[in-house]
Amino acid sequence: MLVDGQSIAACETPAWWVDGKTVTTIEGLGTPQQPHRLQRAFIAEQAAQCGYCTSGMIIAAAALLEREPRPTEARVREALVRHLCRCGSHNRIVRAVLRAASES
85 MLVDGQSIAA CETPAWWVDG KTVTTIEGLG TPQQPHRLQR AFIAEQAAQC GYCTSGMIIA
145 AAALLEREPR PTEARVREAL VRHLCRCGSH NRIVRAVLRA ASES
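To get the working numbering, take the position in the sequence shown, counting from 1, and add 84.
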């Protein structure tokens, strides 16, 4: 999740810690009618295979693109290092983030 624009692991964060802060989850990035550019890019690159890591990857990528609108591939990989892709889609995920960055 994004907490005041920072990517934070929801599974490690107590609810009281986010009291009074701006929290954005994957559901808050876009809508079915108007998906966020990262959601569009993940679809275009077929980067969401099993779904285990998808929300965390997209949220981490959103935080990265907010800080660095045009990251390098190395920076994308660094930003996603905490997220485990179990199905082998990692390269497609990186391509999706780079595609979304090119849309800005």
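A virtual CB, placed ideally from N, CA and C, is assigned to each residue, including glycine.
As assigned by DSSP and simplified to three states, the class of residue i
i	result
V165	coil
T138	helix
Q118	coil
S79	The question about residue 79 has no answer here: the residues shown for the chain are numbered 85 through 188.
L113	coil
Q130	coil
Among the options, the one whose alpha carbon lies nearest that of residue i
i	options	result
G114	Q90, N175 and I143	I143
R170	A158, R183, A147 and C134	C134
M85	V181, A180 and M141	M141
G89	H174, R179 and R151	R151
V107	A93, N175 and P116	A93
N175	S91, E129 and H120	E129
Sub-8 Å separation of residue i and residue j beta-carbons
i	j	result
A184	A132	no
L168	V160	no
A145	V181	yes
S188	P155	no
I177	S139	no
- Any 3 or more C-beta pairs closer than 8 Å across the stretch 162-172 and the stretch 94-104: no
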